[in-house]
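Chemist:
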Amino acid sequence: PRIPDAKEVEQILPLVDYKKIILDEQEQTVFLEKEGMSIDLGGIAKGYVGDEVVRILKEHGVNNALINLGGNIAVINGKEDGSPWRIGIQNPRLDDDSEKRGHVAALPTTGNSIVTSGDYERYMVEVFQQTEERYHHIFDTATGYPAHNDVISVTIVTESGTDADALSTSLFVMGVEEGLKLANELEGIEAMFITEDKAIYLSEGLKDQISSVHSDYHIIE
151 PRIPDAKEVE
161 QILPLVDYKK
171 IILDEQEQTV
181 FLEKEGMSID
191 LGGIAKGYVG
201 DEVVRILKEH
211 GVNNALINLG
221 GNIAVINGKE
231 DGSPWRIGIQ
241 NPRLDDDSEK
251 RGHVAALPTT
261 GNSIVTSGDY
271 ERYMVEVFQQ
281 TEERYHHIFD
291 TATGYPAHND
301 VISVTIVTES
311 GTDADALSTS
321 LFVMGVEEGL
331 KLANELEGIE
341 AMFITEDKAI
351 YLSEGLKDQI
361 SSVHSDYHII
371 E
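Quick note: to get this note's numbering, add 150 to the position in the sequence shown (first position is 1).
1. Below 8 Å CB to CB, which residues in the same chain sit around T260 once its five sequence neighbours on both sides are set aside?
2. Can you tell me where the beta strand (DSSP E) with K340 in it begins and where it stops?
3. Could you check if N218 is buried or exposed, using at least 16 other CB atoms within 10 Å of its CB as the buried criterion?
4. Could you compute how far the alpha carbon of I360 sits from the alpha carbon of T345?
5. Could you round the C-beta distance between G325 and G200 to whole angstroms and report it? I think they count as a contact, below 8 Å.
6. In the structure shown, what three-state DSSP assignment does D201 receive?
7. Do you know how far the Cα of K184 is from the Cα of I172?
8. DSSP three-state label for Q359, please.
9. By alpha-carbon positions, which one of P258, L356, E327, D315 ends up nearest to L191?
10. From what residue to what residue does the beta strand (DSSP E) around L332 run?
11. Taking only the alpha-carbon atoms, compute the straight-line gap between V275 and A255 and give it to the nearest angstrom.
12. F278 and R284 - do their beta-carbons sit closer together than 9 Å?
13. What's the gap between the Cα of G338 and the Cα of G211?
14. Could you check where the beta strand (DSSP E) with A224 kicks off and where it finishes?
15. I need the straight-line Cα distance from G268 to N241, nearest angstrom please.
16. Using only the alpha-carbon positions, how far apart do Q176 and I302 sit?
17. Whole angstroms is fine: what's the gap from V180's alpha carbon to D174's?
18. Check each candidate in A292, E160, V363 and name the one with the smallest Cα separation from Y168.
19. Leaving aside the five residues before and after G355 along the sequence, list all residues of the same chain whose C-beta is less than 7 Å from its C-beta, in chain order.
20. Quick check: the Cα distance between I162 and T319, rounded to an integer number of angstroms?
21. For T260, report the span of its beta strand (DSSP E) as first-last.
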């Protein structure tokens, strides 16, 4: 792992443009307008896999299930006793944890996907140890560098795991203000943001749902 210099990033940025992806639904083809462009589906792959696991289990008569793909949770109905699953949202700052508790809060669900994106799972550890700056894997396409807007974790709750995966990444880059606005405008989408100062911001539908909040963190009303 290395940090590219500004010139390298500048040369690559013109290749980052979703408008230059040409989809032909009739022929079922994808064409990229510029030489050197490529598509990486990492931002939605686990969400799609979760959706497929749910579909296959339902086809085989499974009525109650929890699927954990690491950062991506999908459930079928509630538990067998009818109670909801309680999903723990990982503490994004485990190294700085007064309670030594692995989760920040819990969310109930009986049929949604819950997907979290954060800056704490995949980042350049050696660089962080030397500079205390996290060069993580969620990039801002406007700059070509990891997104830095005080957001450290975003959790999305919605029916589709693919949608949740895409939105957790994009809302992380958008930041709290714009991201919450979008989440509140989209039907069936709920969001939880955690910022560097350990503040928790919730979309309207989650405000009465969250429980077991870690004492290091505080909810912004």
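Every residue gets a Cβ at the ideal spot worked out from N, C-alpha and C, and that includes glycine.
Modeler: Quick answer:
1. As a first step, residue 260 must be located in the sequence shown, where it is residue number 110. Cβ neighbours of T260 beyond the five flanking positions: V225, N227, G228, P234, W235.
2. Taking the first residue of the sequence shown as 1, we reach residue 340 at position 190. Per the sequence shown, the amino acid found at residue 340 is Glu instead of Lys. From DSSP, the beta strand (DSSP E) with E340 extends over 340–345.
3. Sequence index remark: in the sequence shown, residue 218 carries index 68 (1-based). With fewer than 16 Cβ atoms within 10 Å of its Cβ, N218 is classed as exposed.
4. Here the question's residue 360 lines up with position 210 in the sequence shown. Here the question's residue 345 lines up with position 195 in the sequence shown. So the two alpha carbons sit approximately 17 Å from each other.
5. By 1-based counting over the sequence shown, the position of residue 325 is 175. By 1-based counting over the sequence shown, the position of residue 200 is 50. Incorrect: roughly 26 Å between the Cβ atoms, too far for contact.
6. Counted from its first residue, the sequence shown places residue 201 at position 51. DSSP places D201 in helix when its eight states are reduced to three.
7. Within the sequence shown, numbered from 1, the residue matching residue 172 stands at position 22. Within the sequence shown, numbered from 1, the residue matching residue 184 stands at position 34. Approximately 11 Å between the Cα atoms of the pair.
8. Counted from its first residue, the sequence shown places residue 359 at position 209. Here Q359 sits in coil by DSSP.
9. As a position in the sequence shown, residue 191 is number 41, starting the count at 1. For the residues P258, L356, E327, D315, the minimum Cα distance to L191 belongs to D315.
10. Residue numbering aside, residue 332 sits at position 182 when the sequence shown is read from its first letter. Careful: L332 lies outside any beta strand (DSSP E), inside the alpha helix (DSSP H) at 326–335.
11. By one-based count along the sequence shown, residue 275 stands at place 125. By one-based count along the sequence shown, residue 255 stands at place 105. Approximately 26 Å, taken between the alpha carbons.
12. For the purposes of this step, residue 284 is identified with residue 134 of the sequence shown, where counting begins at 1. For the purposes of this step, residue 278 is identified with residue 128 of the sequence shown, where counting begins at 1. Yes, these two residues count as a Cβ contact at 9 Å.
13. Position 188 of the sequence shown, counting from 1, holds the residue named residue 338. Position 61 of the sequence shown, counting from 1, holds the residue named residue 211. Looking at the two C-alpha atoms, the distance is approximately 26 Å.
14. Within the sequence shown, the letter at position 74 stands for residue 224. Element bounds for A224: 222–226.
15. Numbered from its first residue, the sequence shown carries residue 268 at position 118. Numbered from its first residue, the sequence shown carries residue 241 at position 91. Their backbone Cα atoms lie some 10 Å apart in a straight line.
16. By one-based count along the sequence shown, residue 176 stands at place 26. By one-based count along the sequence shown, residue 302 stands at place 152. In a straight line, the C-alpha of Q176 is about 41 Å away from that of I302.
17. Along the sequence shown, one-based indexing puts residue 180 at 30. Along the sequence shown, one-based indexing puts residue 174 at 24. The alpha-carbon atoms of V180 and D174 are separated by roughly 6 Å.
18. Walking along the sequence shown from the start, residue 168 turns up at place 18. The residue with the shortest Cα to Cα distance from Y168 is A292.
19. Numbered from its first residue, the sequence shown carries residue 355 at position 205. The answer, listed in chain order, is E340.
20. What you label residue 162 is simply residue 12 of the sequence shown in a count that begins at 1. What you label residue 319 is simply residue 169 of the sequence shown in a count that begins at 1. So the alpha carbons of these two residues sit roughly 20 Å apart.
21. Taking the sequence shown and counting its residues from 1, one reaches residue 260 at position 110. Counted as a single uninterrupted DSSP element, the stretch harbouring T260 is not any beta strand (DSSP E), since DSSP gives it neither H nor E.
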